[in-house]
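Below you'll find the structure, written out as structure tokens, and then a few comments.
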Amino acid sequence: MTLTAFISAGACAMATHSALEEAGLDYEMQLIDLKKGEQKTPEYLAINPAGVTPALKTDQGVITQNAAILGWVAATHPDKKLAPVGDAFAMARFDAFNGWLASSLHPAIGKVLFSRPPLEGQAKDDATEQALAKYDLAEQRLVEGPYVFGDDWTLADNYLAVFTRWARQAKLLDADRFPKLNAHLDRVQQRPAMQRMLKAEGLEPVAA
Ligand SMILES: N[C@@H](CCC(=O)N[C@@H](CS)C(=O)NCC(=O)O)C(=O)O
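Mind the numbering: the sequence shown is residues 126 to 333 in the numbering used here, read in order.
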């Protein structure tokens, strides 16, 4: 199987990149620089017409969306125990959590951090409050602890860590308000696959 991962350093594609590392796969990495607009070039739009990263080119074709890529990596490497493959109910919950990250947490924190032009004043305060309410939901209801699904780490943990990392970088992941999410991020950042991913993207774990 020949795999090419289209990744942008420090972006949500860190979830896909770390999944490939967790599975120990051989893949070629193509860096797409979002600041230079490389996601909108005709060459890249031929890979992912939506003009966003990540994308994963496989022998069967291209897969887009972190959540789908994580599910595919886990399903094609069941021996690596990256997700509860084979348990339909547990897989539905894995997909549901990843779907929530993609459709709710990511857009909320993305609006705060990456709006162009940048949000200011009341608009920024409102967007921040709405994003933090979603982190509250993760802290209080969705993340069982120590991992998303209790004692068993899955790829959903690395995907969540993308957004807790962004929040910590922006000084939004308050230690008193989000003790579980802070401990979770510290734990996930220690994974060798996460550290390989960060190094390959020219990044480092973000300290509390
Ligand atoms: N739900 C998608 C989101 C993909 C996405 O929005 N990627 C961002 C980076 S985090 C991107 O490429 N943005 C570039 C743009 O919108 O021009 C996924 O998880 O794959």
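We treat Cβ as the ideally placed atom computed from N, Cα and C, and that holds for glycine. Note that the structure is predicted; figures quoted are calculated from it, not measured.
S229 is not a Cβ neighbour of K249, given a cutoff of 7 Å.
Among the bridge pairs identified by DSSP, F131 is matched with Q155 and A180. Judged by their CB atoms, S133 and T178 are nearer to each other than the 7 Å cut-off.
Excluding the 5 residues flanking it on each side, A192 has same chain C-beta neighbours closer than 8 Å at D220, N223, G224, L226, A227 and Y284, in chain order.
Each of Q315, K305 and L128 was checked against the Cα of Q185, and the nearest Cα belongs to L128. At least one heavy atom of ligand 1 lies closer than 6 Å to the C-beta of T178. Taken from the Cβ of Q314, every heavy atom of ligand 1 lies 6 Å or farther away. Excluding its 5 nearest sequence neighbours in each direction, V187 has C-beta neighbours in its own chain below 8 Å: I172, N173, A180 and L181, listed in chain order. Our two residues, A318 and E147, have alpha carbons roughly 5 Å apart in a direct line. According to the DSSP assignment, V313 belongs to the alpha helix (DSSP H) that extends over P304 to Q314. Scanning the stretch 159-241 from its first residue to its last, the whole beta strand (DSSP E) runs of 3-plus residues come out as 180-182 and 187-189.
Apart from the 5 residues on each side of it in sequence, R321 sits with its Cβ closer than 6 Å to the Cβ of E146 in its chain, given in chain order.
The beta carbons of T141 and A208 sit no closer together than 7 Å.
DSSP lists D277 as the bridge partner or partners of F274.
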